[in-house]
Amino acid sequence: MDNLDQELKQRKILVHQSFELSEEELKQLELRTISTIRAHKNKRNRSHLRIFTFSGIAVAILTILLIGPRSFFLQKDEPNQVSTPLGISVTQPLEVPTSFIPLPDIQAPPLAWQTEQDKLALFQVFSIGMTYSEAKELFPELGELTSIFGSDSSLGIDLQEATMPVSLGKNQALLTLSFNKGSLYAARYQRESRNEQEINHEKDRLITSYSSVFGNPQEEQIENGTSVTWSPFFGLALTKNYDGRYFLGWGLQFDESLDEMYRNRIFTVQEAIEKAMSKNSNNQESPAFPSRPGDSWNEEMNVTLGGKQKTLATATLRTKVKLQATETYLVTFEKEWITTEKKISDKPIKSFTTYRVTKDKVEMVENNNIDEELKSFLLRQE
Amino acid sequence: MIPLKPLGKTNEQVLKEWISNHHDLVFRTAFYYVKNKSTAEDIAQEVFVKSYEKLDSFRGDATPSTWLYRITINTCKDYLKSWTYRKVLYTSTFFENRSSHSVENQVLEQFQNDELLQTVMALPTKYREVIVLYYFEEMKTSEIATLLQLKESTIRVRIARGIEKLRKSLKGGDHEWITLTKN
């Protein structure tokens, strides 16, 4: 039995090699799959179109039959007015249909998440302070949000996490996004292995990769393993479990108290936010944003119309931070607007400004503050 | 380092990533069942189309590979029950002597004339599927049980019986070619 068992195990590589597709074959598979999906969609759209067309024709016929004849009796012509057959008065200017005026919106470039290097650079993708729905929009395959305490919600519903498996080269890691009161505070990978040599090799490889971005880390011994940190924001740890399994975990994490502890040693997240905030208030008359990533405030866009105050939209204000390099942060002040009239837009509209902040310098790298543009648009709808 | 502004990753991007990372396991698994390269390619395409259409129901509690295994196995089993397959089966059996590309030849070619692999592929489906998933896909018996929706004890028994059948076949005692065996 053992011999045959071994023989079968040894065949695994031959089997896998026998089924590798060439690049050309892979391309063809991708093209054929996407063509089939698009063909299915067109078929559904044509079917819907037929239904809508027939319905539309039926409604039009009914309208003409029921309402058409009456219009000749109800309409009264003004002596100085020329009325067209459709009853439109030419003394009044025609209104441009508001549906032709586009809602202000910002298009962002697509996410790079193809190569292993892209995926390792998770600090470029995830901002401290982002929401689960934003993360889910980036990654539809992200799992549901669950309490980190399982079903016992009395221990703290504020702390939640969502996971998704990610292929890194030939290995699979689990990416865990951790949220506190709906805001991301950590994005970490984890891999497990029973092969000490392999997992240590992987650890060294990651340290080399991240050191090219963040410089040399600090290493320290921890219980059951080792930990390396490039800042209180980004680190890696390898630990051994009692059952012989090794766990390698790495990624970014924002801990306010830890950040505070490092304040005198390095340029911290909070310091970066403070610097960006003072620059932001100089540049525009905007209300203050939350000073901590993870906090959120609300704001209303109010106007006075005909002596009455009306709320056109409400916004959730957030401060988000991304790590760019050693002691270099991208701080974003963001407003997520929801219009009061759902027919105008049922999706949130983002308005934001981003600063690159170092110890010595704050520079605006992106200004997508569309508050005034949005207000003008909404006023035109009134 | 240039900051990237993330936009929603489209379902199409997810699909392309899955095709890139998992095309081999889907194609392999399909071949284990249908034992024909071009049919396995067609099934692989169908699997990715289905996975795209069901992407919104994909939950993070399973890995994409597990989910794709499941869709592939179900698609293959539907194919094996279909009229199309049975027509091909009867035709190839009838014209076996004339066909230069019969099922057995496909397997021979694919596995570079390895006797053990050919013998594995000649097993009845219920033994073949557990043997290939256990040895070639390196799944645990619990994972195979979940995938095939069987008890773990059933999986262990089938692996053991499959090994026994292999041993007999390799010694020359059992020549049940799958084309003539009820699955």
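Order-wise, the sequence lines are chains A and B. Going by this note's numbering, the first residue of the first sequence is number 1, and it counts up by one from there. Going by this note's numbering, the first residue of the second sequence is number 383, and it counts up by one from there. By construction, the Cβ of each residue, glycine as well, lies at the ideal position given by its N, Cα and C atoms.
8 Å Cβ cutoff, B/Arg540 in contact with chain A: For B/Arg540, the closest Cβ of chain A is not nearer than 8 Å.
Interfacial residues, the region 515 to 528 of chain B to chain A, with Cβ spacing under 9 Å: Listed by position along the chain: Tyr516, Tyr517, Phe518, Glu519 and Glu520.
Reduced DSSP secondary structure (H/G/I, E/B, other) of A/Ala325: If DSSP states are grouped into helix, strand and coil, A/Ala325 belongs with the strands.
Distance between B/Asn418 and A/Val15 (C-alpha atoms, nearest Å): In a straight line, the C-alpha of A/Val15 is about 15 Å away from that of B/Asn418.
Residue range of the unbroken beta strand (DSSP E) whose run includes A/Gly294: Careful: A/Gly294 lies outside any beta strand (DSSP E) and carries neither H nor E.
Proximity test, Cβ basis, 8 Å: B/Asp496 and chain A: Yes, contact with chain A.
CB contact below 8 Å: B/Tyr415 versus chain A: Output row for B/Tyr415: interface = no.
Where the region 395 to 419 of chain B meets chain A: residues whose CB sits under 8 Å from a CB there: Listed in chain order, the positions of the region 395 to 419 of chain B with a beta carbon within less than 8 Å of a beta carbon of chain A are Gln395, Val396, Leu397, Lys398, Glu399, Ile401, Ser402, Asn403, His405, Asp406, Phe409, Arg410 and Phe413.
Beta-carbon neighbours of B/Tyr451, restricted to chain A and to distances below 7 Å: Chain order gives no chain A residues near B/Tyr451, where near means a beta carbon separation below 7 Å; the closest approach is about 13 Å.
Per-residue contacts from A/Thr326 into chain B (C-beta, under 9 Å): For A/Thr326, there are no neighbours in chain B by C-beta distance under 9 Å, as the nearest C-beta there is about 11 Å away.
Contacts of B/Pro446 in chain A (Cβ-Cβ under 8 Å): Within 8 Å Cβ-Cβ: Glu141 and Pro165.
Neighbour list for A/Ser212 in chain B, Cβ cutoff strictly below 7 Å: Result: empty, since nearest Cβ-Cβ is about 10 Å, beyond 7 Å.
Cβ of A/Ile207 within 8 Å of any chain B Cβ: Judged by the 8 Å Cβ criterion, A/Ile207 is not in contact with chain B.
Proximal residues of chain A, C-beta to C-beta of B/Gln531 below 7 Å: None at all; the shortest Cβ gap to chain A is about 22 Å.
Proximal residues of chain A, C-beta to C-beta of B/Ala426 below 8 Å: For the C-beta of B/Ala426, the chain A residues within less than 8 Å are, from N- to C-terminus, Leu29.
Proximity below 8 Å, CB of A/Leu26 to CB of B/His405: Yes, the pair counts as a contact, with Cβ atoms nearer than the cut-off.
Outcome for A/Arg318 when other beta-carbon atoms lying within 10 angstroms are tallied against a minimum of 16: Counting Cβ neighbours within 10 Å, A/Arg318 comes out buried, since at least 16 surround it.
Neighbour flag for B/Asn456 against chain A, beta carbons, 8 Å: Chain A, which has no Cβ nearer than 8 Å to the Cβ of B/Asn456, makes this no.
Contact with chain A by B/Arg549, beta-carbon distance below 8 Å: At least one chain A Cβ lies under 8 Å of B/Arg549.
A/Val96 to A/Glu373 span [Cα, whole Å]: Low per-residue confidence applies at A/Val96: pLDDT is 38, beneath 50, and the placement is therefore not dependable, though the value from the model is reported in the following sentence. Approximately 18 Å between the Cα atoms of the pair.
Complete beta strand (DSSP E) runs within the region 113 to 200 of chain A (minimum length 3 residues, chain order): Runs found: 159 to 168, 171 to 180 and 183 to 193.
Neighbour flag for B/Val431 against chain A, beta carbons, 8 Å: Interface annotation, B/Val431: in contact with chain A, CB-CB separation under 8 Å.
Cβ of B/Tyr434 within 8 Å of any chain A Cβ: With 8 Å as the cut-off, B/Tyr434 counts as an interface residue toward chain A.
Limits of the unbroken beta strand (DSSP E) element including B/Glu511: Taken as a continuous stretch (DSSP letters only), B/Glu511 belongs to no beta strand (DSSP E), being part of the alpha helix (DSSP H) at Thr507 to Ile513.
Listed by chain order, chain B residues near A/Glu7 by CB distance under 8 Å: By Cβ distance, chain B contributes Leu498.
A/Ser18 versus B/Tyr414 - alpha carbon distance: A straight line joining the alpha-carbon of A/Ser18 with that of B/Tyr414 spans about 12 Å.
Per-residue burial, A/Ile222 [other beta carbons within 10 Å of its own, 16 or more giving buried]: A/Ile222 should be labelled exposed.
Cβ of A/Val269 within 8 Å of any chain B Cβ: Cβ-Cβ to chain B under 8 Å: no for A/Val269.
Min CB distance B/Leu505 to chain A below 8 Å: No - not a single Cβ of chain A is within 8 Å of the one on B/Leu505.
Beta-carbon spacing of A/Leu238, A/Phe123 below 8 Å: Between A/Leu238 and A/Phe123, the CB-CB gap reaches or exceeds 8 Å.
Contacts that A/Thr239 makes with chain B (C-beta to C-beta distance below 9 Å): Below the 9 Å Cβ cutoff, chain B contributes no neighbours of A/Thr239, its closest Cβ being approximately 23 Å away.
Distance between beta carbons of A/Thr229 and A/Gly235, contact taken as under 8 Å: Rounded, the Cβ-Cβ distance is 4 Å, consistent with contact.
Proximity below 8 Å, CB of A/Tyr189 to CB of A/Gly249: Yes.
Closer than 7 Å: A/Glu274 CB and nearest the ligand ATP heavy atom: Annotation note on the ligand ATP: not contained in the displayed structure, which lists no ligands.
Beta-carbon contacts of B/Phe409 that lie in its chain and below 8 Å, excluding the five residues immediately before and after: If we look at B/Phe409 and ignore the five residues flanking it on each side, its Cβ neighbours are Ala422, Glu423 and Ala426.
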